[in-house]
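Per this note's numbering, residue -12 is the first one in the sequence shown, and the count goes up by one each step.
All C-beta atoms, glycine included, are put in the ideal place defined by N, C-alpha and C.
Single-structure report; data block below.
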Amino acid sequence: MSYFGSVSTVRFEGRQSTNPLAFKFYNPDQVILGKSMREHLRFAVAYWHSFTGSGSDPFGVGTAIRGWDQYTGMDLAKARVEACFELLNILDVDYFAFHDRDIAPEGSTLQETNRNLDAIVALIKEHMQSSGKKLLWNTANMFTNPRFVHGAATTSNADVFAYAAAQVKKALEHGKELGAENYVFWGGREGYESLLNTDLGLELDNLARFLHMAVDYAKEIGFDAQFLIEPKPKEPSKHQYDFDAQTTLSFLQKYNLLPHFKLNIEANHATLAGHTFEHELRMSRINGVLGSIDANQGDMLLGWDTDEFPTDLYSTTLAMYEILLNEGGIGRGGVNFDAKVRRQSFEPIDVVHAHIAGMDSFARGLQVAAKMIEDRVFDDILDNRYGSYKSGIGAEIVSGRANFKTLEAYALQNNPIVNTSGRLEHIRNVVNQYIINT
Ligand code: XLS
Ligand code: NI
Ligand code: NI
């Protein structure tokens, strides 16, 4: 059974190609700064958007035409596994990612739910073994079911906390079973609506307790995935606890979780937080916690997580710049397309086109960023702009030798102060030239 029609594996044909089902920039074997594009980018397909999502929105039912929708229950779950591995082959993508509830239906008890999951995990494992495809990360969906109405790890109901723990315990076991390289926590319901009925301190303490238990259990069963937290400022909760990279960092620090966690940075979550994608990546990188990315883009005219496939070359270039400068690059993480086709793009082939667009955009971003690094574009800009810290009083400041008394003495005799231009418009033009000409 073929779910995507008679599409053969998408290949690199180069920028002159007019074949819509070919890569123009993503050449998996092309070596850039000592690593192949495949190794740099570690692309992943997100199960929830490409196989579970239907294109529904608050005003209408799903529009997506999907061959697997002829099935229900466990047959549907099995068909989606087939579809997933078919798409991975078509795209020549090595990784995928899923929530537990994406891959198997919930039963009427936790026991039955776990049996369903075990069966599908076994099926996925068979497919992974025969295809060589790998699991970038798995996670637990603790936001869809009504039981999570007050939260999961931050719920007001201890019974729900226990249920969530059981769910993550199972997910960690499945992650180990499938050799997941990371395990993600995105706290969809970990936040609050109003302080009038919220014990903020208890909820945050409980979240930390929950994460420590996860770390302990992973260690106990020998699951050595990298733990990732995915910040998001709002939606579904009004106040999400993992607002952005900086907020999440201070939470991890306060609760001694920093040694165990890195961040999974999502482009659209960054913009919802009032940041750029590259801001979140830079903040993570300089703090040593840039773990993986959820590649998508938002719509600046809309205030929610539109999860569009990334096509903005400016953004992919600056994102790849951060990843290239990160120690070890993307490391065990990857470029996970947490992105969905628009509701009007309802044919299966649209999912293929969307991934090609995203992969080419990141490949292009990688090429441009690498060229800018080779040419030391930003190094020179920063060397110039911060040159005053290289010698004299600036060198005294950064070496820690200066204090308020020596600085006052300097300031009193240093008149007038001379500033130089930041040259921002020129720099933007330079970036454009690299995007166009590389
Ligand atoms: C939702 C999140 C979610 C996570 C995984 O906004 O992006 O899809 O990536 O739970
Ligand atoms: Ni995400
Ligand atoms: Ni998202």
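Measuring only the C-alpha atoms, how far is Tyr242 from Gly1?
Distance between the alpha carbons of Tyr242 and Gly1: 49 angstroms.
Span separating the alpha-carbon of His256 from that of Ala398
Whole-angstrom Cα-Cα distance: 43 angstroms.
Cβ atoms of Ala232 and Ile252: under 8 angstroms apart, would you say?
Yes; because the gap between Cβ atoms is below 8 angstroms, this pair is in contact.
Distance, Ile216 Cα to Glu120 Cα
The identity of residue 120 in the sequence shown is Lys, whereas the question assumes Glu. Lys120 and Ile216 have their C-alpha atoms spaced approximately 24 angstroms apart.
Quick check: what's the CA-CA separation for Glu73 versus Leu8?
Near 15 angstroms, if we compare the C-alpha coordinates of Leu8 and Glu73.
Please confirm whether any heavy atom of ligand 2 lies closer than 7 angstroms to the CB of Trp124.
False, no ligand heavy atom lies under 7 angstroms from that Cβ.
Scan the stretch 310 to 357 and note each continuous beta strand (DSSP E) run of 3 residues or more that stays entirely inside, going in chain order.
Here the runs fully enclosed are 322 to 324.
Beta bridge counterpart(s) of Gln227 as assigned by DSSP:
Gly178.
Inside the stretch 65 to 139 only - beta strand (DSSP E) runs reaching at least 3 residues
As far as the stretch 65 to 139 is concerned, its whole beta strand (DSSP E) runs of at least 3 residues are 82 to 86, 121 to 126.
Pairwise C-alpha distance: Tyr58 and Ser117:
Rounded to the nearest angstrom, the two C-alpha atoms are 24 angstroms apart.
To the nearest angstrom, how far is the alpha carbon of Arg410 from that of Phe10?
A straight line joining the alpha-carbon of Arg410 with that of Phe10 spans about 36 angstroms.
So if DSSP puts Tyr170 in a beta bridge, which residue, or which two residues, is it bridged to?
Asn125, Phe214, per the DSSP bridge assignment.
Taking the C-alpha atoms as reference points, what is the distance between Ser23 and Ile384?
Each residue's Cα considered, the two are about 41 angstroms apart.
Taking only three categories from DSSP, how would you classify Asn193?
It is helical.
In the DSSP assignment, find the unbroken alpha helix (DSSP H) run with Lys157 in it and report its ends.
It spans 145 to 164 - the alpha helix (DSSP H) in which Lys157 sits, taken as one unbroken run.
Would you kindly report the start and end of the unbroken beta strand (DSSP E) that includes Gly278?
Here the beta strand (DSSP E) through Gly278 covers 277 to 281.
Spatial distance of Arg388 from Tyr373 (CA atoms):
Taking the straight line from one Cα to the other gives about 18 angstroms.
Would Phe210 pass as a contact of Val202 if the rule is Cβ separation under 8 angstroms?
Not a contact, by the Cβ cut-off of 8 angstroms.
Using 7 angstroms as the cut-off, classify the Cβ of Glu217 as near or not near the heavy atoms of ligand 5, replying yes or no.
Here the bound small molecules are ligand 1, ligand 2 and ligand 3; ligand 5 is not part of this structure.
Could you check the C-alpha separation between Tyr13 and Asp347 for me, to the nearest Å?
Rounded to whole angstroms, the separation of the alpha carbons of Asp347 and Tyr13 is 5 angstroms.
Compare the beta carbon distance of Glu222 and Leu194 with 8 angstroms and say whether it is the shorter of the two.
Contact flag unset, no.
I want to know whether the stretch 85 to 94 touches the stretch 359 to 375 - three or more CB-CB distances under 8 angstroms.
Because the criterion of three Cβ pairs below 8 angstroms is not met, the stretch 85 to 94 and the stretch 359 to 375 do not touch.
Is Ser378 helix, strand or coil by DSSP?
Residue state, collapsed to three classes: coil.
Measure the Cβ-Cβ separation of Leu250 and Pro218 and say whether it is below 8 angstroms.
Yes, Cβ-Cβ distance for Leu250 and Pro218 is below 8 angstroms.
Compute the Euclidean distance between the alpha carbons of Glu113 and Phe46, then round it to the nearest angstrom.
Glu113 and Phe46: Cα-Cα distance of roughly 39 angstroms.
Who does Ser23 pair with in a DSSP beta bridge?
Looking at the DSSP assignment, Ser23 forms a beta bridge with Val18.
Which class does Ala33 belong to by DSSP, given the choice of helix, strand or coil?
Ala33: strand per DSSP, three-state reduction.
What's the C-alpha gap between Leu259 and Ala167?
Their Cα atoms are separated by approximately 28 angstroms.
Exposure label - Arg269; buried when at least 16 CB within 10 Å:
Classification of Arg269: buried, given that the 10 Å Cβ count is 16 or more.
Alpha carbon to alpha carbon, how far is Trp124 from Asp370? Give it in angstroms, no decimals.
Across the structure, Asp370 and Trp124 are spaced so that their CA atoms are roughly 38 angstroms apart.
Assign Phe10 to one of three DSSP states: helix, strand, or coil.
Look at Phe10 here: in three-state DSSP terms it is strand.
Let me check you understand the geometry: is the CB of His262 closer than 7 angstroms to at least one non-hydrogen atom of ligand 3?
The closest heavy atom of ligand 3 lies 7 angstroms or more from the beta carbon of His262.
Tell me where the alpha helix (DSSP H) around Leu394 begins and ends.
Residue range 391 to 400 is occupied by the alpha helix (DSSP H) that includes Leu394.
Under 8 angstroms: do the stretch 135 to 144 and the stretch 96 to 105 share three or more Cβ pairs, one atom per stretch?
The answer is no - the stretch 96 to 105 does not touch the stretch 135 to 144, with fewer than three Cβ pairs under 8 angstroms.
Integer-rounded CB distance, given that Val338 should sit under 8 angstroms from Arg29
Contact between Arg29 and Val338 does not hold, since the beta-carbon distance rounds to 20 angstroms and is not under 8 angstroms.
Is the distance from the Cβ of Phe324 to the Cβ of His342 below 8 angstroms?
Yes, Cβ-Cβ distance for Phe324 and His342 is below 8 angstroms.
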